[in-house]
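Comments concern the structure below.
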Amino acid sequence: MLKPEVDSLVPHVPFDRRTFIKAALGTGFAACVLPVSAQTIHTDSEGLEAGEVSIKSGDTMVPAYRAQPKGKTHLPVIIVVHEIFGVHEHIADVCRRFAKQGYLAIAPDLYKRQGDPTQYPSMQQLNEQLVSKVPDSQVLADLDATFKWAGEHGGDVNKVGINGFCWGGRIAWLYAEHNPRLKAAVAWYGRVAGNQTPMTPANPIDRVSDLQVPVLGLYGRQDQSIPQESLDKMKQAIAQGPQAGRGSEFVVYDDAGHAFFADYRPSYKQADAEDGWRRTLAWFKAHGVG
1 MLKPEVDSLV PHVPFDRRTF IKAALGTGFA ACVLPVSAQT IHTDSEGLEA GEVSIKSGDT
61 MVPAYRAQPK GKTHLPVIIV VHEIFGVHEH IADVCRRFAK QGYLAIAPDL YKRQGDPTQY
121 PSMQQLNEQL VSKVPDSQVL ADLDATFKWA GEHGGDVNKV GINGFCWGGR IAWLYAEHNP
181 RLKAAVAWYG RVAGNQTPMT PANPIDRVSD LQVPVLGLYG RQDQSIPQES LDKMKQAIAQ
241 GPQAGRGSEF VVYDDAGHAF FADYRPSYKQ ADAEDGWRRT LAWFKAHGVG
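So the sequence shown is numbered by UniProt numbering: it starts at 1 and just counts up by one.
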């Protein structure tokens, strides 16, 4: 349940685009989704080591938000893949929620080389000027570096899962097809099919034959951006794919749309979000991540 892990609700704060400045990774929200909702959940960092770290990936130092129980080692690891809006306060909070459950949770900034997603005032600008320029190959390499970093900083690389939202849900699927050392994945409303571009040459449905681990897919039936037909095709492809992925499951919430876990947005559906969170924790534990 989410409620026992929160200590307060963040109040609604009026937003002035002219004065908005992102202070640090894992703070603030993207300009195109503000103001945040009064129902926004805040999880404290008591008992945790939490904050920004740097991960060397190729010739780039990739910033990441990390949270883990203070003084503990050999921890199970959850790589948290951010939404289209980057590593903002909600993603940092999710890391703290996982850390409260005993995990080393880490969310790398997978847009580091392309720019700062918080500064775009519209979704169209964010998509066209930043997100469309991020290559999948770069993202997967950064996640490999994150996996390695976690193993060198208190995490157990034999107990690693990945959890992604929205843009990151698609990436969670792709990483589950990419890394055989991963134990399990959870994809929240992540696209499985779509256009192929030079930056995104294949979608999860195109690489089902490479699926390495079971994936829990959490979706909303009212999500206009992810047709149910695409999920049905993904299910069929998985059923005919390798044994490793056949344990995958899909949960579709009838009344939910896209971003139903995003408590800082009007799309939030509390009952479905809390059910999905329970399923997520159970999924990781059932598959050796915990």
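Glycine included, every Cβ here is placed at the ideal spot set by N, Cα and C.
If Asp263 sits next to Ala273, beta carbons under 8 Å apart, how far is it from one beta carbon to the other, in whole angstroms?
For the purposes of this step, residue 263 is taken as residue 263 along the sequence shown, with counting starting at 1. For the purposes of this step, residue 273 is taken as residue 273 along the sequence shown, with counting starting at 1. The beta carbons of Asp263 and Ala273 sit about 7 Å from each other, so the pair counts as a contact at 8 Å.
Whole angstroms is fine: what's the gap from Ile21's alpha carbon to Val53's?
Locating residue 21 in the sequence shown gives position 21, counting from the first residue. Locating residue 53 in the sequence shown gives position 53, counting from the first residue. Since pLDDT at Ile21 reaches only 36, below the 50 mark, its modelled position is unreliable, and the value read off the structure follows with that caveat. Separation of Ile21 and Val53 (C-alpha to C-alpha, rounded to the nearest whole angstrom) is 20 Å.
Cβ of Ala176 within 7 Å of Cβ of Gln212?
Counting from 1 along the sequence shown, the entry for residue 176 is found at position 176. Counting from 1 along the sequence shown, the entry for residue 212 is found at position 212. Yes.
Note the first and the last residue of the continuous alpha helix (DSSP H) segment covering Gly168.
Position 168 of the sequence shown, counted from the first residue, corresponds to residue 168. Run containing Gly168: Trp167 to His178, per the alpha helix (DSSP H) assignment.
Name the one or two DSSP bridge partners that Gly60 has.
Working through the sequence shown from its first residue, we reach residue 60 at position 60. Before going on, a small fix: residue 60 reads as Thr here, not Gly. Its beta-bridge partners are Ser57.
I'd like to know whether the C-beta atoms of Val77 and Pro108 end up nearer to each other than 7 Å.
Taking the sequence shown and counting its residues from 1, the one referred to as residue 77 is at position 77. Taking the sequence shown and counting its residues from 1, the one referred to as residue 108 is at position 108. No, Cβ-Cβ distance for Val77 and Pro108 is not below 7 Å.
Within its chain, find whatever has a CB closer than 6 Å to the CB of Ala145; leave out the 5 residues flanking it on each side and keep chain order.
Position 145 of the sequence shown, counted from the first residue, corresponds to residue 145. Excluding sequence positions up to five before and after Ala145, its CB lies within less than 6 Å of the CB of Ile55 and Ser57, all in the same chain and listed in chain order.
Hey, out of Leu75, Val87, Arg97 and Ala50, whose CA is closest to Leu281's CA?
One-based indexing of the sequence shown puts residue 281 at position 281. With distances taken between Cα atoms, Leu281 lies closest to Arg97.
Let me check understanding here. Comparing Cα to Cα, which of Asn179, Pro227 and Thr73 lies closest to Arg207?
Residue 207 sits at position 207 when you count from the first residue of the sequence shown. Residue Asn179 holds the alpha-carbon nearest to the alpha-carbon of Arg207 among Asn179, Pro227 and Thr73.
Whole angstroms is fine: what's the gap from residue 294's alpha carbon to Tyr120's?
Nothing about residue 294 can be read from this structure; the chain reaches only from 1 to 290.
Taking only three categories from DSSP, how would you classify Leu281?
In the sequence shown, residue 281 corresponds to position 281, counting from 1. Looking at Leu281 - three-state DSSP - the assignment turns out to be helix.
Within 7 Å, strictly: CB atoms of His82 and Gly168:
Looking up residue 82 in the sequence shown gives position 82. Looking up residue 168 in the sequence shown gives position 168. Going by C-beta atoms, His82 is nearer than 7 Å to Gly168.
Cutting at 6 Å between CB atoms, please list the residues of its own chain near Asp142, excluding the five before and the five after it.
The residue given as residue 142 occupies position 142 in the sequence shown. Excluding sequence neighbours, Asp142 sits near Ser57, Val62, Pro108 and Leu110.
Buried versus exposed, by CB contacts within 10 Å (16 or more), Gln138:
Translated into the one-based positions of the sequence shown, residue 138 becomes position 138. Gln138 comes out buried.
Delimiting residues of the beta strand (DSSP E) encompassing Glu249
Taking the sequence shown and counting its residues from 1, one reaches residue 249 at position 249. Unbroken beta strand (DSSP E) run through Glu249: Glu249 to Tyr253.
Does the distance from the C-beta atom of Leu48 to that of Ala99 stay below 7 Å?
As a working mapping, residue 48 is identified with position 48 in the sequence shown. As a working mapping, residue 99 is identified with position 99 in the sequence shown. At the C-beta level, Leu48 and Ala99 come within 7 Å of one another.
Pick helix, strand or coil for Lys22, following the three-state DSSP scheme.
If you number the sequence shown from 1, residue 22 lands on position 22. Any answer about Lys22 is weak, because its pLDDT of 42 lies below 50 and its placement is not dependable; what the coordinates show is given next. Coil, per DSSP.
Leu143 in three-state terms, based on DSSP
Position 143 of the sequence shown, counted from the start, is the residue given in the question as residue 143. Here Leu143 sits in helix by DSSP.
Taking the beta strand (DSSP E) that Val94 belongs to, which residues open and close that run?
The residue you call residue 94 lines up with position 94 of the sequence shown. Run containing Val94: none in the beta strand (DSSP E); it sits in the alpha helix (DSSP H), Glu89 to Lys100.
In three-state DSSP terms, what is Gln68?
Numbered from its first residue, the sequence shown carries residue 68 at position 68. The answer is strand: DSSP assigns Gln68 an E or B state.
If you follow the alpha helix (DSSP H) that Ala239 is in, where does it begin and where does it stop?
As a position in the sequence shown, residue 239 is number 239, starting the count at 1. Taken as a continuous stretch (DSSP letters only), the alpha helix (DSSP H) holding Ala239 covers Gln228 to Ala239.
Considering only their Cβ atoms, is the gap separating Ile41 from Cys166 smaller than 7 Å?
Stepping through the sequence shown from its first residue, residue 166 is reached at position 166. Stepping through the sequence shown from its first residue, residue 41 is reached at position 41. Contact: no.
Check whether Thr200 and Asp116 have beta carbons under 7 Å apart:
What you label residue 200 is simply residue 200 of the sequence shown in a count that begins at 1. What you label residue 116 is simply residue 116 of the sequence shown in a count that begins at 1. In this structure, Thr200 keeps its C-beta atom at 7 Å or more from the C-beta atom of Asp116.
Suppose you measure from the CA of Gln236 to the CA of Tyr219; what does that come to, to the nearest Å?
Against the sequence shown, residue 236 aligns to sequence position 236. Against the sequence shown, residue 219 aligns to sequence position 219. Answer to the nearest angstrom: the Cα atoms are 17 Å apart.
Exposed or buried, which one is Ala172 when buried takes at least 16 other CB atoms within 10 Å?
The residue given as residue 172 occupies position 172 in the sequence shown. Residue burial is scored here from C-beta neighbours: Ala172 has at least 16 other C-beta atoms within 10 angstroms and is therefore classed as buried.
Cβ distance (whole Å) where Arg265 is taken to contact Ser37 below 8 Å:
Taking the sequence shown and counting its residues from 1, the one referred to as residue 265 is at position 265. Taking the sequence shown and counting its residues from 1, the one referred to as residue 37 is at position 37. Rounded, the Cβ-Cβ distance is 6 Å, consistent with contact.
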